[in-house]
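Engineer: Quick one: this structure, given as structure tokens, is what I'll be asking you about.
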Amino acid sequence: MKPEAPLEARGSFKPIPSSVVDLHVCEHLPRLSRLLHLGTVARTLSHKDTAHAASLYTHLTGWPHRINNQNFPATPDDHPHYGAIVSKLKPPTRQGVPASVIVGGRILPQFKGIGQTGGFLGKVHSPFVLSEQLRRLLARRGELTRLRIDGRQRLLQALQNRARFLDQQRPAANYGTVQGRALTLLNSSGFIPAFDTSTESDRVKDRYGRTPMGGYLLMARRLVEAGVPVIQISDIPVGGEQHWDLHYANIFKRLKGNLLPHLDQSLSALLGDLDERGLLDSTLVICGGEFGRSPWIDHLSNPPQGGRQHWPHCYSMFLAGGGIRRGHIFGRSDELAAYPASKKIGPWDMGATILHLMGIDPAGTFSDRQGDTRRVCRGHVVQEWI
Numbered sequence: 000m001k002p003e004a005p006l007e008a009r010g011s012f013k014p015i016p017s018s019v020v021d022l023h024v025c026e027h028l029p030r031l032s033r034l035l036h037l038g039t040v041a042r043t044l045s046h047k048d049t050a051h052a053a054s055l056y057t058h059l060t061g062w063p064h065r066i067n068n069q070n071f072p073a074t075p076d077d078h079p080h081y082g083a084i085v086s087k088l089k090p091p092t093r094q095g096v097p098a099s100v101i102v103g104g105r106i107l108p109q110f111k112g113i114g115q116t117g118g119f120l121g122k123v124h125s126p127f128v129l130s131e132q133l134r135r136l137l138a139r140r141g142e143l144t145r146l147r148i149d150g151r152q153r154l155l156q157a158l159q160n161r162a163r164f165l166d167q168q169r170p171a172a173n174y175g176t177v178q179g180r181a182l183t184l185l186n187s188s189g190f191i192p193a194f195d196t197s198t199e200s201d202r203v204k205d206r207y208g209r210t211p212m213g214g215y216l217l218m219a220r221r222l223v224e225a226g227v228p229v230i231q232i233s234d235i236p237v238g239g240e241q242h243w244d245l246h247y248a249n250i251f252k253r254l255k256g257n258l259l260p261h262l263d264q265s266l267s268a269l270l271g272d273l274d275e276r277g278l279l280d281s282t283l284v285i286c287g288g289e290f291g292r293s294p295w296i297d298h299l300s301n302p303p304q305g306g307r308q309h310w311p312h313c314y315s316m317f318l319a320g321g322g323i324r325r326g327h328i329f330g331r332s333d334e335l336a337a338y339p340a341s342k343k344i345g346p347w348d349m350g351a352t353i354l355h356l357m358g359i360d361p362a363g364t365f366s367d368r369q370g371d372t373r374r375v376c377r378g379h380v381v382q383e384w385i
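Residue numbering for the sequence shown is 0 to 385, as defined by numbering that gives the first Met the number 0.
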């Protein structure tokens, strides 16, 4: 926060001290304020894209979108999601466990989940997406007998054989691989039960919060225990809930009302739970968005309510666990938090650091579907974070 900035920039929220010396945070994040010593606050991420889709793509692939400031749907030629990179280069060793899971559904489904696919690596490496509809279906898994599953698998094999006869070998093989993995997951005794949070005690559920985000982060902890390497939590509004894309929507009332309290409770619960279970040192937790918000408050609505616009030029991320330095503040912004004053980095540098901590060389290469050689990530490892 910038408590010395003018009111039209800083807003009405007050700063409170945190567990890191000289780091103050918003008064509506009291639980998180006591846990920030567990990780690094990076204050100077920066890029130039103001569009949701293209910016999200950049953060989840490690590459800027080929067209700036536009919202485009996902294509087969996109760079792959970090989970797809892990699937390609360092897949999990546990049987029946996917390389990556997206909990809550893909962000921006109207753009075909841009940045959240296998891209040029192929659909076989795309993250496993747990939408609310699929979660309900998995809850009925017990209704599928082993006999019915085997019957469906035999039918699938027959269709694939027919496709090969029609000289459609490659599409059929790819489809078969995807379907085969789906059947393996359906039969997994270690992976599927991770979605069933009903076995958790009321105390644990209350700790995370009885909200969609609380449930998602509790599920994330269970997926960590099941051995899933990459887990993306999509904070997508459910029903009439509020969302984070606050422009002219009485931003301070909505943030104070539920957005910040829900985040404060659920994220602090996840961090504390992982730490208490001895899992945080091997689990990298990242909290942030695809860009920040403008340093000044707009009052252009009628009647004026106040809001902030997209601002990719300077924003913060919080990283903890998984080899990240503890109790660290990285970078410094200017007096309005409008632009980096020191240590400017891009989201691709964060991506390179993520991959490095997972044992993957971000400067390495792999082959796309056509056999062409591609670099894994554009960025460079931020050594000061580790």
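Idealized CB from N, CA, C, for every residue including glycine.
Among Arg368, Pro29, Val102, Met218, whose alpha-carbon lies nearest the alpha-carbon of lysine 204?
Structural biologist: Met218
Engineer: Is proline 126 near histidine 80, with beta carbons less than 8 Å apart?
Structural biologist: Yes, the Cβ-Cβ distance between proline 126 and histidine 80 is below 8 Å.
Engineer: Counting only beta-carbon atoms, is arginine 374 nearer than 8 Å to chain D?
Structural biologist: Looking for chain D here will not work: only one protein chain is present.
Engineer: List in chain order: all unbroken beta strand (DSSP E) runs of 3+ residues lying wholly within the region 61-124.
Structural biologist: 99-102
Engineer: If you compare alpha carbons, which of Gly256, Asp280, Val284, Ile250 is closest to leucine 216?
Structural biologist: Val284
Engineer: State the start and end residues of the unbroken beta strand (DSSP E) segment that holds threonine 43.
Structural biologist: 38-44
Engineer: Can you look up glutamine 167 in the DSSP assignment and give me helix, strand or coil?
Structural biologist: Reliability fails at glutamine 167, whose pLDDT of 49 lies under 50, so the model's placement of it is uncertain and the value that follows must be treated cautiously. In the structure shown, glutamine 167 sits in coil (DSSP, three-state: anything other than H, G, I, E or B).
Engineer: On the criterion of 16 or more Cβ atoms from any shown chain inside 10 Å, does glutamine 382 qualify as buried, or is it exposed?
Structural biologist: exposed
Engineer: So, does the region 69-78 touch the region 353-363, judging by three or more C-beta pairs under 8 Å?
Structural biologist: The region 69-78 and the region 353-363 do not touch, with fewer than 3 CB-CB distances between them shorter than 8 Å.
Engineer: In the DSSP output, what is arginine 312 paired with across the bridge?
Structural biologist: For the record, residue 312 in the displayed sequence is histidine; it is not arginine. Bridge partners of histidine 312: none, in fact.
Engineer: According to the neighbour-count rule (16 or more other Cβ atoms, all chains shown, within 10 Å of its Cβ), is glutamine 69 buried or exposed?
Structural biologist: So glutamine 69 ends up on the exposed side.
Engineer: Tell me the rounded alpha-carbon separation between glycine 10 and proline 2.
Structural biologist: The C-alpha of glycine 10 lies about 9 Å from the C-alpha of proline 2.
Engineer: For leucine 155, name the three-state secondary structure that DSSP assigns.
Structural biologist: Unreliable positioning characterises leucine 155 in this predicted model, as indicated by a pLDDT of 49, which lies under 50. The coordinate reading is nonetheless provided below. Leucine 155: helix per DSSP, three-state reduction.
Engineer: Between the Cα of threonine 210 and the Cα atoms of Leu222, Gly103, Arg292, Leu318, which residue gives the shortest distance?
Structural biologist: The option with the nearest alpha carbon to threonine 210 is Gly103.
Engineer: Could you tell me which of Pro294, Ala225, Pro5, Lys342 sits nearest to valine 386, measuring between CA atoms?
Structural biologist: Because the chain is modelled from 0 through 385, residue 386 falls outside the range shown and cannot be assessed.
Engineer: Does the Cβ of threonine 372 have 16 or more other Cβ atoms within 10 Å, making it buried, or fewer, making it exposed?
Structural biologist: Counting the other Cβ atoms within 10 Å of the Cβ of threonine 372 gives fewer than 16, which makes it exposed.
Engineer: Are the CB atoms of glutamate 26 and isoleucine 296 within a distance shorter than 8 Å?
Structural biologist: no
Engineer: What's the C-alpha gap between tryptophan 347 and threonine 57?
Structural biologist: 7 Å
Engineer: Taking DSSP as the reference, what is the three-state secondary structure of arginine 307?
Structural biologist: Reduced to three states, the DSSP call for arginine 307 is coil.
Engineer: So the candidates are Gly82, Thr60, Ile15; which of them puts its Cα closest to the Cα of isoleucine 230?
Structural biologist: Comparing Cα positions, the closest option is Gly82.
Engineer: First and last residue of the alpha helix (DSSP H) that includes serine 341?
Structural biologist: For serine 341, there is no enclosing alpha helix (DSSP H); the enclosing beta strand (DSSP E) covers residues 339-341.
Engineer: If we count the other Cβ atoms within 10 Å of its Cβ and call it buried at 16 or more, is proline 90 buried or exposed?
Structural biologist: exposed
Engineer: Roughly how many whole angstroms lie between the Cα atoms of leucine 165 and histidine 64?
Structural biologist: Low per-residue confidence applies at leucine 165: pLDDT is 46, beneath 50, and the placement is therefore not dependable, though the value from the model is reported in the following sentence. Going from the Cα of leucine 165 to the Cα of histidine 64 covers about 37 Å.
Engineer: Does the distance from the C-beta atom of glycine 38 to that of alanine 319 stay below 8 Å?
Structural biologist: yes
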